[in-house]
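Step one of this worksheet: look at the structure below.
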Amino acid sequence: MPLIHVTLFAGRTAEQKRAFAQALTEAAVHSIGATPESVDVIFTDVQRSDWATAGRLWSDPPAAPPEPGSTG
Numbered sequence: 081m082p083l084i085h086v087t088l089f090a091g092r093t094a095e096q097k098r099a100f101a102q103a104l105t106e107a108a109v110h111s112i113g114a115t116p117e118s119v120d121v122i123f124t125d126v127q128r129s130d131w132a133t134a135g136r137l138w139s140d141p142p143a144a145p146p147e148p149g150s151t152g
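To convert a position in the sequence shown, counted from 1, into our numbering, add 80.
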């Protein structure tokens with residue numbers, strides 16, 4: 081009974097999630113021999129302000145490129 085957790089930035093449509101859930105289910109059926117009825121997918125929508133990579137929130141504006149000749 082595979083349980084697949086998917087965390088995404090908020091904003092995907094129900095149709096996009098439905099298609100992704102179907103693709104994940106098919107992958108589980110083909111790769112590990114699961115039955116479609118045994119595959120559960122849980123989507124968690126996260127706001128960009130609640131997710132950070134390398135210390136920067138995804139909601140932050142892009143960092144300005146370094147000035148020419150700077151060492152930073």
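We put the beta carbon where it would ideally sit given N, CA and C, even for glycine.
Quiz item: Looking at the unbroken alpha helix (DSSP H) that takes in T105, where does it start and where does it end?
Solution: For the purposes of this step, residue 105 is taken as residue 25 along the sequence shown, with counting starting at 1. Segment 94-112, the alpha helix (DSSP H) holding T105.
Practice problem: Tell me whether D130 sits in a helix, a strand or coil according to DSSP, three-state version. | Solution: Reading the sequence shown from its first residue, position 50 is the one you call residue 130. Helix, per DSSP.
Practice problem: Could you pull out every residue in the same chain whose Cβ sits closer than 8 Å to the Cβ of W138, ignoring the five residues on either side in sequence? | Solution: Reading the sequence shown from its first residue, position 58 is the one you call residue 138. Result list for W138: F89, R128, S129, W131, A132, in chain order.
Quiz item: From V126, A107, T124, pick the residue whose C-alpha is nearest to that of S118; which is it?
Solution: Indexing the sequence shown from 1 puts residue 118 at position 38. Residue A107 is the option with its Cα nearest to S118.
Quiz item: Quick one: what's got a C-beta closer than 8 Å to D120's C-beta in the same chain, skipping five residues either side?
Solution: Position 40 of the sequence shown, counting from 1, holds the residue named residue 120. For D120, where only same-chain residues beyond five positions count, the Cβ hits under 8 Å are M81, P82, L83, I84.
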